[in-house]
Amino acid sequence: MSTETVKAPVKVKVSGERLFSPKNKKLVTDPLNDSNPITVQVLGICSALAVTTKMEPSIVMAMAVVVVCAFSNLVISIIRNIIPNRIRIIVQLTVVASLVILVDQVLKAYVYDVSKQLSVFVGLIITNCIIMGRLEAFAMGNKPWPAFLDGVGNGIGYGLILVLVSAVRELLGSGELMGFRIVPDSFYKLGYFNNGLAILPPMALIVVGVFIWIQRTKNPKLVENN
Amino acid sequence: MEHVNIFIKAVFIENMIFAYFLGMCSYLAISKTVKSAVGLGFAVIFVLGVSVPVCYLLENYLLKAGAMAWISPGLATVDLSFLSFIMFIATIASIVQLVEMVIEKFVPALYTSLGIFLPLIAVNCSILGGALFMQEREYSTIGQASVFGFGSGVGWFLAIVAIAAIREKIRYSNVPAPLRGLGITFIITGLMGIAFMSFMGVTI
Chain S
17 MSTETVKAPV KVKVSGERLF SPKNKKLVTD PLNDSNPITV QVLGICSALA VTTKMEPSIV
77 MAMAVVVVCA FSNLVISIIR NIIPNRIRII VQLTVVASLV ILVDQVLKAY VYDVSKQLSV
137 FVGLIITNCI IMGRLEAFAM GNKPWPAFLD GVGNGIGYGL ILVLVSAVRE LLGSGELMGF
197 RIVPDSFYKL GYFNNGLAIL PPMALIVVGV FIWIQRTKNP KLVENN
Chain E
131 MEHVNIFIKA VFIENMIFAY FLGMCSYLAI SKTVKSAVGL GFAVIFVLGV SVPVCYLLEN
191 YLLKAGAMAW ISPGLATVDL SFLSFIMFIA TIASIVQLVE MVIEKFVPAL YTSLGIFLPL
251 IAVNCSILGG ALFMQEREYS TIGQASVFGF GSGVGWFLAI VAIAAIREKI RYSNVPAPLR
311 GLGITFIITG LMGIAFMSFM GVTI
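Respectively, the protein sequence lines represent chains S and E.
Position in the first sequence counted from 1, then plus 16, gives you the working numbering.
Position in the second sequence counted from 1, then plus 130, gives you the working numbering.
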């Protein structure tokens, strides 16, 4: 069940891509690099850093964010014309919070261990700035279908960084990927040690900093001048 | 004494930013100058200090399993804890709105200096994070919960003012171009986090 809910939006994207106009396709592909939510828009950092010690929770978290982001964009975009402007933040938060409760209950029912590891961070998807940011910047002014695609794209862009960071941290910190041992035992016998620093919270920031560095070296138009 | 312990723990050992990365988005976005960092920091202290105790009351008299027994014994079996996200966020959003109106009415000078930061706080993860940690750690009295909320706010304030000061200085340094701005801020925050980890061994 949990995998079904998570796969649904991705399937829509893949099967539809042939039919899409280039503009709609761009909505999904842009956030992967040029306007990546984490490294360029600086949204949703909080959860990105805290859940990335291991790959498994970060993949689950990424899926949860894709689902919440896509569907909250869709819902808000459908009702965008009847939301009074003054209370729109509360309306948006209510929609997002209801979706997050759904996701939380599904996670608790099907992947309880992971949901325990993620602890408060599932709840914190509500205040994840990616979701609020996309609602404000995109869903409030666009039709439902592009808004949905925008949500999927931004969710995946976020998930991409999450999975990359967690892969680096798990490999360096525990010598494993997805719980499978990568660094062979003979290395340990020769005196190789797991880098305990990689599991500690501050390392996440440094790894993301290095990713930003790499990305901006490859993509010079993103460089800031100050 | 217990309250002092909770306070110190919330400020240094379990600092919202360096230990849990909560409220990072506004931390990175508003830390370009010390002045605006101080303004946002005070607003966060205030909102955390008010909303955590309010959420504590909600949690213990409405949402927890059996928490509604005080209304009538028939409600003792009701467990509404799955609603806590939506209740907490609604509480926080309305407290922020309320705080905004109160400040505008009684301290207009502070209102103009805080400006746009006040509404931004509703979506600052450190506020909801504070409420959820309060729920997870099950503080036993409302006093402890409020001290925890206030302490977390102070910790956040310290962190954002420190990074803003460093960012003001680093403008004069020769940072590699692709690392300028965001990248170097991440790395500095990481290093500050390592420094804050030295508090970890402290038992109080």
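Ideal Cβ positions, reconstructed from N, Cα and C, are used throughout, including at glycine.
Query	Result
Three-state secondary structure assigned by DSSP to residue 196 of chain S	strand
Assigned secondary structure, residue 319 of chain E (DSSP; H/G/I helix, E/B strand, else coil)	helix
Selected residue, minimal CA-CA separation from residue 317 of chain E, among S:199, S:219 and S:109	S:219
Below-8 Å beta-carbon distance, residue 253 of chain E vs any chain A residue	In the structure shown, chain A does not exist; the protein chains are S and E.
Residue 151 of chain E, buried or exposed, once every other Cβ within 10 Å from all chains shown has been counted against 16	buried
Continuous alpha helix (DSSP H) stretch holding residue 61 of chain S: start and end	61-66
With 16 other Cβ atoms within 10 Å as the buried cut-off, status of residue 121 of chain S	exposed
Residue-chain proximity (residue 232 of chain S, chain E), Cβ-Cβ < 8 Å	yes
C-alpha gap between residue 202 of chain E and residue 210 of chain E, whole angstroms	15 Å
Exposed unless 16 or more other CB atoms sit within 10 angstroms - verdict on residue 186 of chain S	buried
C-beta neighbour in chain S for residue 152 of chain E, strict 8 Å	yes
Cut-off 7 Å between Cβ atoms - residues of its own chain near residue 193 of chain E, not counting five sequence neighbours on either side	210, 211, 213, 214 and 217
Proximity test, Cβ basis, 8 Å: residue 155 of chain E and chain S	yes
Cβ shell of residue 271 of chain E (< 7 Å), same chain only, five flanking positions each side left out	none
Below-8 Å beta-carbon distance, residue 267 of chain E vs any chain S residue	no
DSSP state of residue 27 of chain S mapped onto helix, strand, coil	Low confidence applies here, because residue 27 of chain S scores a pLDDT of 39, under 50, leaving its location unreliable and the question unanswered by this model.
Within 8 Å, strictly: CB atoms of residue 174 of chain S and residue 81 of chain S	yes
For residue 146 of chain S and residue 59 of chain S, believed in contact at Cβ under 8 Å, the rounded distance	4 Å
Contact list for residue 319 of chain E against chain S, beta-carbon separation under 7 Å	221
Per-residue DSSP class, three states only, for residue 144 of chain E	coil
Cβ pair count under 8 Å reaching 3, the region 176-194 of chain S against the region 69-76 of chain S	yes
Minimum C-alpha distance to residue 170 of chain S - residue among S:107, S:42, S:37 and S:53	S:53
Simplified DSSP assignment, three categories, for residue 304 of chain E	coil
Residue 98 of chain E at chain S interface by Cβ criterion, 8 Å	The structure shown does not extend to residue 98 of chain E, since chain E spans only 131 to 334, so no value can be given for it.
Below-8 Å beta-carbon distance, residue 193 of chain E vs any chain S residue	no
Own chain residues within Cβ distance below 7 Å of residue 329 of chain E, not counting five before or after	142 and 143
Residues of its chain near residue 194 of chain S, where Cβ-Cβ distance is below 7 Å and the 5 sequence neighbours each way are ignored	71 and 72
DSSP state of residue 242 of chain E mapped onto helix, strand, coil	helix
Rounded straight-line distance, which links the Cα of residue 197 of chain E to that of residue 185 of chain E	13 Å
is_contact[residue 324 of chain E, chain S] using C-beta, thresh 8 Å	yes
Chain E contact residues for residue 121 of chain S, given Cβ-Cβ distances below 8 Å	212
Check whether residue 63 of chain S and residue 57 of chain S have beta carbons under 8 Å apart	no
Proximity winner among E:178, E:242, E:182 and E:292, relative to residue 158 of chain E (alpha-carbon distances)	E:292
Minimum Cβ-Cβ distance from residue 231 of chain E to chain S less than 8 Å	no
Exposure of residue 163 of chain E, with buried meaning 16 or more beta-carbon neighbours within 10 Å	exposed
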